[in-house]
Every structure is written in C-alpha cells, then in structure tokens.
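Here the structure is laid out as structure tokens; the discussion comes afterwards.
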Ligand code: AMP
Ligand code: GLY
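In the working numbering, the protein residues as written are 5 to 428.
Dropping the structure here:
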C-alpha cells in the first residue's frame, strides 16, 4: 500500500513511524513532513491545509489511504473532498469535525445525550455573557467557540478576569472569528487524562490510557501549552474507570453523532477531568493527541494500518488492540520562551547519539534543515520518547535521551510521568 500522512508535527512523525512498520505498506508519504519524518517517509512539500494540492497528489500517486493528523484540514472538509473523489481517507468529515471545531456543538451534543461534562451556557451577546458570569461567580471558564490553536480557553479565578476574557474574545476579537460566540463553563476540579477510540461511525476500538502535561512548568504551573509531555498507561484510569469512560462517554457520543445524521469516523479524542473516580468531558478533539500519540503508538503492538483502513471504509470489526506490556513516556523539548515568542534557527546537536540508543525514539515536531543542519523551527521542537518495563524505567530512558540533545534556549519539564509514580 501507499499511504499519505497529512501534517508535519510530532504526532505525524509517530504515525508515519508506526505505519512504516506495517508489512502491508510499501511507501509512506508525508505532507509536509519534517526532517525527522524524512528518515522513514518521502516528504512532499504541500501544506496540511492545501486540500486541492493534497487531492491532486493523492490522485497522481494513486494513494491507497490518507491519514490526517491535525484538525485544520478536517474542519476544512478534506475528508469530504477525498471521499467524493473515491479515495480512502482516515478522519471525520467536516460536519463531524465540528465536535472539535465548535465548543457549542460539542456541549449541545453532550447535553442531548446525557454525557457527563461541566454545566455551561453559550452566548453571542457580550452583556448577557457578563451577566451570566456575575450570577455564577468564580472560578469559571471562558471559551471562544471556534478553533483558537489551543489558546481559546481561559480558566478565570475571578469574575473580573472572566469578564476581561469575554471582552478580549468578543470585543477585541483576539481569536478572530472563533470568538463570535463564547461558551461559559463551570470550573471542574480534578486530574486530567486523555482517552482515544478508533471508530468507523458505529463500532469502536478504544486505545490504552494516557495523560498529557498541559502547563509549561513543573508541578503544572504557568500557562497552558499544546502539551509538554505524555505517558501511557495512565494509572489514574483504573480498569473500572476505563469501562465507565467507554460506556458513559465514548459509546453514547458515537451513537449520538450517528443519530443526529453526522456519523463520526476516525479517532475520537476525549479530554477528561477525573474527580473522585468519576470522569467528565473537558473537550472532544477530532484527531490524535500530540504528544499523546507518541507514547501510545510506541506501545502499540498491533499493526495500525488495518485499523485505519477499516475506520475509513466503515468496516471496523477488530475488538482489541494488542499493547506491549511496557510504559512509554514522551518528554517534549520546546524552544526557549514558548508558549510566548521564541527564537528559531539554533542548531540542534546530539540527535544521532539518541538514534543509537535502544528503546528511545526522537519524534520531530518543530525542526527544519538549514544548510544540512537540523535547527529549531517551531514552538514544540522534539518529543523524546522512551519505553521501559515500568513508568520509572521509561522516564529514565526518555530523560537519558533528553540529556544528549542541546540547542540554545531549549526548555523541557523535569517532572513528566511523576503523577503516575505518585500513584504507585
Ligand atoms: P480545552 O481547549 O477545552 O481542552 O481546554 C484547555 C484546558 O483548559 C484543558 O485541558 C483544561 O486544563 C482547562 N479547562 C477547560 N475547561 C475546563 C473546565 N470546565 N474546568 C477546568 N479546567 C478546564
Ligand atoms: N495534547 C493536547 C492536544 O493534542 O490537543
């Protein structure tokens, strides 16, 4: 088979890495890819949101299956376009991708089908939003309705801060059109976890548990980021809780989408808040998590290609995925200054030393090649992912890898995976 992976971050590197191991696969292409992906796939210089060019490429190369990494092409309707052209593609169509693309859409879905989540209200009028915040009090969460690159959520600790956030979103339009409407949500306390399930719109195939680290600094301090590290399995998701998430969240969500005439196929990402052993949904995403994909795909023993193809063809019959009985931990190395502004173009050294290590893979996210040298070119730069018999062993492996890699300003958290250790 010829497979095209769309995207060029750590998630797509992990997907291309896993797909390339399949005996079914002859060639992996990645658009646009990155210097790490170029070691195992043919990188094609087409942006992930250039759907016309991606479609032409897939037709010309007679691609058997296209796998979409990021949310933007999904919300732009890449799946609808490929399907109309008779091409197999993994991911939800434009209507179903609203589950991530519109917070109002996903909140209404959860309300309609009794899926546990925070209480909320949606507003297109600034004064009504402010009145609601004053009535509810703080802490309270303000969300721009549309996609805002992970920055459209403000967890406000005071009423003044919440009103300021509404004004930023609705009056100053800091997130552009994403802020035409706001969702105001009850603050949920607890521990976050990420849960993923493959689905063909009817059948589901859940993945192993995982946990992200959203804040920039150790001990979950500082502003939110796209994710500074992840591990799998996540002990906060006990066997009982795993079953409850599948039964009370994943199944009714997929059934509800189908019932509403908007069947969802691809991978469903459920962001969870867990408190006293009870799960509630923080958000849905229409794609794999990044960095969660990195430890999850490293632990996946089953061939992923038949699963991706079955989801795309609406014929998912597989009942379980085999996992290596190990833990995997991914430490994200980011550019200095992230999530604020940062400098690019610094040479990254030590990558070859880590490539020679067993049980460690460096997934590239924001790197590029400059005069034959790998340099930092984005906010999150590398995901150093280690595998071991236990979370402690995987943490040690990942940080052994991190210690070999250097560039000016590189930053990373020192406590990735510690929550799992604390649970013993
Ligand atoms: P989202 O983009 O909806 O995932 O939100 C980003 C982050 O904001 C989440 O990962 C949580 O850390 C936090 N967050 C979002 N909604 C809530 C909520 N209702 N209560 C507490 N924290 C939240
Ligand atoms: N790890 C967070 C995300 O992929 O949105």
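Just so it is clear, CB atoms sit at the ideal spot from N, CA and C, and this is done for glycine as well.
In this text, all values refer to a predicted model and were calculated from it rather than measured experimentally.
Quick check on DSSP: helix, strand or coil for residue i?
{"i": "residue 253", "result": "helix"}
{"i": "residue 91", "result": "coil"}
{"i": "residue 292", "result": "coil"}
{"i": "residue 138", "result": "helix"}
{"i": "residue 283", "result": "strand"}
{"i": "residue 174", "result": "helix"}
{"i": "residue 416", "result": "coil"}
{"i": "residue 321", "result": "coil"}
{"i": "residue 342", "result": "coil"}
{"i": "residue 248", "result": "helix"}
{"i": "residue 273", "result": "strand"}
{"i": "residue 96", "result": "coil"}
{"i": "residue 232", "result": "coil"}
{"i": "residue 330", "result": "coil"}
{"i": "residue 384", "result": "strand"}
{"i": "residue 46", "result": "strand"}
{"i": "residue 83", "result": "helix"}
{"i": "residue 162", "result": "coil"}
{"i": "residue 147", "result": "strand"}
Please report the residue range of the beta strand (DSSP E) in which residue i lies.
{"i": "residue 41", "result": "Per DSSP, residue 41 belongs to no beta strand (DSSP E) and is neither H nor E."}
{"i": "residue 188", "result": "186–190"}
{"i": "residue 201", "result": "195–203"}
{"i": "residue 424", "result": "Residue 424 -> not in any beta strand (DSSP E); alpha helix (DSSP H) instead, spanning 422–426."}
{"i": "residue 366", "result": "364–368"}
{"i": "residue 71", "result": "69–72"}
{"i": "residue 221", "result": "219–221"}
Are the beta-carbon atoms of residue i and residue j separated by less than 8 Å?
{"i": "residue 100", "j": "residue 267", "result": "yes"}
{"i": "residue 387", "j": "residue 322", "result": "no"}
{"i": "residue 2", "j": "residue 253", "result": "This structure cannot speak to residue 2, because the chain is shown only from 5 to 428."}
{"i": "residue 381", "j": "residue 392", "result": "no"}
{"i": "residue 121", "j": "residue 91", "result": "no"}
{"i": "residue 300", "j": "residue 212", "result": "yes"}
{"i": "residue 371", "j": "residue 378", "result": "yes"}
{"i": "residue 135", "j": "residue 160", "result": "no"}
{"i": "residue 44", "j": "residue 50", "result": "no"}
{"i": "residue 82", "j": "residue 55", "result": "yes"}
{"i": "residue 385", "j": "residue 421", "result": "no"}
Can you tell me where the alpha helix (DSSP H) holding residue i begins and where it ends?
{"i": "residue 124", "result": "Unbroken run through residue 124 is the beta strand (DSSP E), 124–127; no alpha helix (DSSP H)."}
{"i": "residue 399", "result": "395–408"}
{"i": "residue 151", "result": "No alpha helix (DSSP H) contains residue 151, which DSSP labels as neither H nor E."}
{"i": "residue 17", "result": "14–24"}
{"i": "residue 314", "result": "309–316"}
{"i": "residue 240", "result": "Looking at the DSSP string, residue 240 is not in any alpha helix (DSSP H), and its letter there is neither H nor E."}
{"i": "residue 110", "result": "107–116"}
{"i": "residue 181", "result": "Neither: residue 181 is in no alpha helix (DSSP H) and is coded neither H nor E."}
So does residue i have its beta carbon nearer than 7 Å to some heavy atom of the ligand SAM?
{"i": "residue 286", "result": "For the ligand SAM, the structure offers nothing, since it holds only the ligand AMP and the ligand GLY."}
Cβ pair count under 8 Å reaching 3, the region 281–293 against the region 239–255: yes
Does the region 127–141 come close enough to the region 109–116 to have 3 or more Cβ pairs within less than 8 Å? no
Using a strict less-than 5 Å threshold between each residue's beta carbon and the heavy atoms of the ligand GLY, what residues do you get? 216, 231, 293, 294
Please determine if the region 191–204 and the region 166–180 are in contact, where contact requires at least 3 C-beta pairs separated by less than 8 Å. no
Contact between the region 359–374 and the region 270–279 is defined here as three or more beta-carbon pairs at a separation below 8 Å; is this criterion met? no
Check whether the region 147–167 and the region 232–243 touch, using three or more Cβ-Cβ pairs below 8 Å as the test. no
Contact between the region 328–345 and the region 220–236: three or more CB pairs below 8 Å? yes
How about the region 212–230 and the region 312–321: do they share at least three Cβ pairs that are nearer than 8 Å? no
Hey, is the region 337–356 in contact with the region 409–419, meaning 3+ C-beta pairs nearer than 8 Å? yes
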